[in-house]
Amino acid sequence: MLLVVDRVAYDNKDEALKPVLEKLCTVDCLPQKKEGFVNYVSNFAKVDKKTAERVWELIVACKEKQRKSKLDYTETIKNLGKEKKPKKEKKVMKKSRKSEDSKLEKQVKHLIALKKEAGALLRCHK
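Going by the numbering used here, the first residue of the sequence shown is number 40, and it counts up by one from there.
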């Protein structure tokens, strides 16, 4: 809660709340419930309850914002791990690929042999 109060004091745009928030930054412990917080702040900072409630609302809004950003971050991290990875090829596919590769190799060898024969025939006819 104290870190949230520090963040609210840093981000605060309202000059009327600035002294109250600065005083709260010096405290070591703050009540966590609204009623206790409002009473504590109104007595400690010597402000009316309406001002103390405004401070409470700022703190609650900041907490909610931090909670949402944390949830978004964790969702992003979870989604990164769930990216679809390419599935491993099945053994059947591997076998068919091997047979296709061996057919291609045979065809290449046959073409090389034909080329050699054609070269030999051309040399003979010169």
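Think of the CB as a built atom: it goes at the ideal place given N, C-alpha and C, for glycine as much as any other residue. Note that the structure is predicted; figures quoted are calculated from it, not measured.
In the DSSP assignment, GLN71 falls outside any alpha helix (DSSP H) and carries neither an H nor an E.
In this structure, LYS73 keeps its C-beta atom at 8 Å or more from the C-beta atom of SER81. Residue state for ALA152 is assigned as helix, using DSSP reduced to three classes. Here ALA91 is near VAL77, since their CB atoms are less than 8 Å apart. Note that the C-beta distance between ILE98 and VAL43 is below 8 Å.
One alpha carbon belongs to PHE83, the other to GLY120, and they sit about 48 Å apart. For THR65, the closest of LEU110, ASP45, ARG136 by C-alpha to C-alpha distance is ASP45.
The C-alpha of LYS137 is placed about 16 Å away from the C-alpha of LYS148. In this structure, the alpha-carbon of LYS102 lies about 10 Å from that of GLU96.
In this structure, VAL94 sits near LEU60, with a CB-CB distance shorter than 8 Å. In the structure shown, the three-state DSSP call for VAL147 is helix.
In the displayed model, CYS101 falls within a helix according to three-state DSSP.
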